[in-house]
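Engineer: So in this note's numbering, spot 277 of the sequence shown is number 277, and the numbers just go up one at a time. Ideal Cβ positions, reconstructed from N, Cα and C, are used throughout, including at glycine. Keep in mind that this is a model prediction, so the values were computed, not measured. Take this structure first; my questions come after.
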Amino acid sequence: NQEAIIINANKTDYMKKIKIGKIFEFEGLDRVEVEESTVGSIIAVTGVEGINIGDTICHIDYPEPLPFVKISEPTIAMNFSVNDSPFAGKEGRYLTSRQIRNRLFKELQTDVSLRVEETDSTDVFRVSGRGELHLSVLIENMRREGYEFQVSKPEVLYKYEGGKKLEPMERVTIDVSEAYIGSVIEKLGRRKGELIKMTEAKGGYSRLIFSIPARGLIGYRGEFMTDTKGEGILNAVFDGYAPYKGDIPHRVEGSLISFETGEATAYGLYSAQDRGTLFITPGTQVYKGMIIGSNPKGMDIEVNVCRKKHQSNIRASGSDEALRLSPPKDMSLEEALEFIEEDELIEVTPSIFRIRKKILDSNKRYKSKKN
């Protein structure tokens, strides 16, 4: 029951008296109650309410606040919106704009580098963070908590100074086996990454340091883990703004779009797989406007994956043989964020990710593009 005060280096007139209940230190994964704690210990206390990031709990006789550490500004933004797909409400517990809003603003209490803004629409919130990984973690946490919502394509936050377009840069440090150095340098080079330094490390590893646009890292982490067979380590920190580095080669594939709502059949998918790479398996529930695969020709194609084989009295040669389907591409959240275009969304639910067009109706979509 020791008395203390809460003060803040950025609020000179702010001071709040409190009474500390208990003090806990950490031993492994456990909390252990202690009578006192010393400098350098990580502790938890009870009995304290209304404390925010940047506040300092001080002895009542020594009110000296810790200086507030400057946090890097967000570099990536995307829209979080209420799920309005035909399957909305079937899998999540928290669906409404109020529930999503409360969850996003609650995150601000513990995440100092996150920004949440309300938009002209009550169903859409603009969320900015420190890169794709930062926002991916938030999306994944909300999904596991039972939230259902939609997110848009990540958008880089540019700056303009003296008429010049500046973009956020990342300093990337990679520890990787020598066998994979060539692949890493080649792939980051395509993403406008510049190798600054390369040194040898222990155990046949090398350390590579790159300067790369923040947009160049979108979707790369999963690719990096695949290329290095899970042995590589990648860390990135904000490295200021630099003149725009030019266009980065993006997705050249078009989308395979479901023509109707229903259950995907093996027969329908067998016909569709000739058009490109599939993302789903037989039995998957799909809806009109949902993206079920990619088309290498670069155009969007509507396909009927719910089509069933017509029954007839004529037995054709090979008609009873099982249809052979190519294994579908199982996309992670990071891969989906890199894949989608401006006119597409990711539907996030506790059990699945779906990719869809913003405008589900093909006629309305065509008119929108025409305009």
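Thinking C-beta only, is Arg103 closer than 9 angstroms to Glu117?
Structural biologist: As a position in the sequence shown, residue 117 is number 117, starting the count at 1. As a position in the sequence shown, residue 103 is number 103, starting the count at 1. Not in contact: Glu117 and Arg103 (Cβ atoms no closer than 9 angstroms).
Engineer: According to DSSP, Leu195 sits in a beta bridge with which residue or residues?
Structural biologist: On the sequence shown, residue 195 is found 195 positions in, with the first residue counted as 1. Paired residues: Phe210.
Engineer: Rounded to whole angstroms, what is the Cα-Cα separation between Ser206 and Glu170?
Structural biologist: Position 206 of the sequence shown, counted from the start, is the residue given in the question as residue 206. Position 170 of the sequence shown, counted from the start, is the residue given in the question as residue 170. About 19 angstroms.
Engineer: Determine the DSSP secondary structure at Leu278, reduced to helix, strand or coil.
Structural biologist: Stepping through the sequence shown from its first residue, residue 278 is reached at position 278. Leu278: strand per DSSP, three-state reduction.
Engineer: At what residues does the alpha helix (DSSP H) containing Asn141 begin and finish?
Structural biologist: Taking the sequence shown and counting its residues from 1, the one referred to as residue 141 is at position 141. Where Asn141 is concerned, the enclosing alpha helix (DSSP H) stretches over 132–144.
Engineer: Given that a residue counts as buried once 16 or more other Cβ atoms are within 10 Å of its Cβ, and exposed if not, what is Gly318?
Structural biologist: Within the sequence shown, numbered from 1, the residue matching residue 318 stands at position 318. Unreliable placement is indicated for Gly318, whose pLDDT of 46 sits below 50; the coordinate value is still reported in the next sentence. Its Cβ having fewer than 16 others within 10 Å, Gly318 is exposed.
Engineer: Suppose the cutoff is 7 angstroms on Cβ atoms and the five residues either side in sequence are ignored; what does the same chain contact list for Asp239 look like?
Structural biologist: Taking the first residue of the sequence shown as position 1, residue 239 is located at position 239. Excluding residues within five positions, the ones whose Cβ falls inside 7 angstroms are Met169, Glu170, Arg171, Ser211.
Engineer: Please state whether the Cβ-Cβ distance between Ile57 and Ile100 is less than 9 angstroms.
Structural biologist: The count along the sequence shown starts at 1 and reaches residue 57 at position 57. The count along the sequence shown starts at 1 and reaches residue 100 at position 100. In this structure, Ile100 does not lie closer than 9 angstroms to Ile57 by Cβ.
Engineer: Would a C-beta distance cut-off of 9 angstroms place Thr122 and Ser97 closer than the cut-off?
Structural biologist: What you label residue 122 is simply residue 122 of the sequence shown in a count that begins at 1. What you label residue 97 is simply residue 97 of the sequence shown in a count that begins at 1. Yes, these two residues count as a Cβ contact at 9 angstroms.
Engineer: Go ahead and label Glu3 buried or exposed: buried means 16 or more other beta carbons lie within 10 angstroms of its beta carbon, across all protein chains shown.
Structural biologist: Residue 3 sits at position 3 when you count from the first residue of the sequence shown. The residue in question, Glu3, is exposed, as its Cβ has fewer than 16 Cβ neighbours within 10 Å.
Engineer: Can you tell me whether Lys357 is buried or exposed? The criterion is at least 16 other CB atoms within 10 Å of its CB, across all chains shown.
Structural biologist: Taking the first residue of the sequence shown as position 1, residue 357 is located at position 357. Classification of Lys357: buried, given that the 10 Å Cβ count is 16 or more.
Engineer: Can you name, in chain order, every residue of its own chain whose Cβ lies under 6 angstroms from the Cβ of Leu95, other than the five neighbours on each side?
Structural biologist: What you label residue 95 is simply residue 95 of the sequence shown in a count that begins at 1. The residues are Gly89, Glu148.
Engineer: Check each candidate in Lys164, Ile42, Glu200, Leu325 and name the one with the smallest Cα separation from Leu29.
Structural biologist: As a working note, residue 29 is residue 29 in the sequence shown. Ranking the options by Cα distance to Leu29, first place goes to Ile42.
Engineer: Grab me the residues of Glu302's own chain with a C-beta within less than 7 angstroms of its C-beta, minus the 5 sequence neighbours each way, in chain order.
Structural biologist: Taking the first residue of the sequence shown as position 1, residue 302 is located at position 302. So the qualifying residues of the chain are Ile257, Phe259, Ser362.
Engineer: From the DSSP output, in three-state form, read off Lys309 for me.
Structural biologist: By one-based count along the sequence shown, residue 309 stands at place 309. In the structure shown, Lys309 sits in coil (DSSP, three-state: anything other than H, G, I, E or B).
Engineer: So the beta strand (DSSP E) Asn102 belongs to, where does it begin and stop?
Structural biologist: Locating residue 102 in the sequence shown gives position 102, counting from the first residue. Asn102 -> not in any beta strand (DSSP E); alpha helix (DSSP H) instead, spanning 97–107.
Engineer: Ile218 and Glu342 - do their beta-carbons sit closer together than 9 angstroms?
Structural biologist: Along the sequence shown, read from residue 1 onward, the residue named residue 342 stands at position 342. Along the sequence shown, read from residue 1 onward, the residue named residue 218 stands at position 218. No; because the gap between Cβ atoms is not below 9 angstroms, this pair is not in contact.
Engineer: Could you check what DSSP says for Arg356 in three-state terms: helix, strand or coil?
Structural biologist: Position 356 of the sequence shown, counted from the first residue, corresponds to residue 356. The answer is strand: DSSP assigns Arg356 an E or B state.
Engineer: Please check the pair Ala293 and Thr277, which I expect to be a contact at CB under 8 angstroms, by giving their CB distance rounded to whole angstroms.
Structural biologist: Residue 293 sits at position 293 when you count from the first residue of the sequence shown. Residue 277 sits at position 277 when you count from the first residue of the sequence shown. First, the amino acid is wrong: residue 293 is Gly here, not Ala. Sure, about 5 angstroms apart at Cβ, within 8 angstroms.
Engineer: Is Asn52 near Glu347, with beta carbons less than 9 angstroms apart?
Structural biologist: By one-based count along the sequence shown, residue 52 stands at place 52. By one-based count along the sequence shown, residue 347 stands at place 347. Result no, Cβ atoms of Asn52 and Glu347 do not sit closer than 9 angstroms.
Engineer: Strictly by DSSP, which residues pair up with Ser81?
Structural biologist: Here residue 81 corresponds to residue number 81 of the sequence shown, with the count starting at 1. According to DSSP, Ser81 bridges with Val124, Gln150.
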